[in-house]
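Enquirer: Just passing along the structure, written as C-alpha cells.
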Amino acid sequence: MTDKKVKSVFKQGAISSEFIGESIAKHQTKTSIGAHNIFLGQVRADVIDEKTVSAIEYTAYEDMANQKFHEIREAAFEKFELTCMHIYHSLGIVKAGEICLFVFVSSPRRKVVFEALEYIVEEIKAHVPVFGKEIFEDDTHQWKVNN
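The opening residue of the sequence shown carries number 0 in numbering that gives the first Met the number 0; numbering runs sequentially from there.
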C-alpha cells in the first residue's frame, strides 16, 4: 500500500444530493473513464419491536475509522483498475430517508466498477468502527446491529 495522507471521510449529518452531484460531476470530463458506479446507504424507517426508526445517530472512533477507510481505499486501488473513488460517511443524526454512506468509483471498464463497489461496501460494513444508535419515533433508542 502507498503512504498517502489519511483524509477524513466523515460528513456531519446527512450527505446531501448536492454534495453527491458535485462529487460525481467532477469526473464528467475525464475521457479515460468508461464507467461509474455509486452506492448510497440510506437510513431505513425499520420497524423493530413495533417501534419505527426515525433516525440513526452515528458515532465513530474517528482516527481508527479514517485509517481503516484509507486501508480499504488503498486495497481497492491495488485489487481493481480504478480511476477514482470517493467514500463519505455521516456522523451525528441522520433521519430516515437521508443518505449516510456515499461510495463512488470510476474505471475504464464497466465490470470493474460493480466488483469494486461490492468489495468496498462489504469491507466498510465488516471492518470500519462506525456505530449507529437507532432512534425511534417515541425517542427511545437502541444500538444498531449491522446487516
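Yeah, the Cβ is synthetic: ideal placement off N, Cα and C, and Gly gets one too.
Which of the three DSSP states is assigned to ALA44 in this structure?
Expert: coil
Enquirer: Evaluate GLU136 with the Cβ neighbour count: other Cβ atoms within 10 Å of its Cβ, from every protein chain shown; 16 or more gives buried, anything less gives exposed.
Expert: Sixteen is the threshold: since fewer than 16 other Cβ atoms of the shown chains lie within 10 Å of the Cβ of GLU136, the residue is exposed.
Enquirer: Spatial neighbours of MET63 within its chain, please: C-beta separation below 7 Å, excluding the five flanking residues on both sides.
Expert: PRO128
Enquirer: Could you give the C-beta distance for SER106 and ALA95, rounded to a whole number, given that I count them as a contact under 8 Å?
Expert: The pair is not a contact, with the Cβ atoms about 33 Å apart (cut-off 8 Å).
Enquirer: Contact between the region 44-54 and the region 75-89: three or more CB pairs below 8 Å?
Expert: no
Enquirer: Taking the C-alpha atoms as reference points, what is the distance between ILE134 and GLY33?
Expert: Cα to Cα, the separation comes out at about 41 Å.
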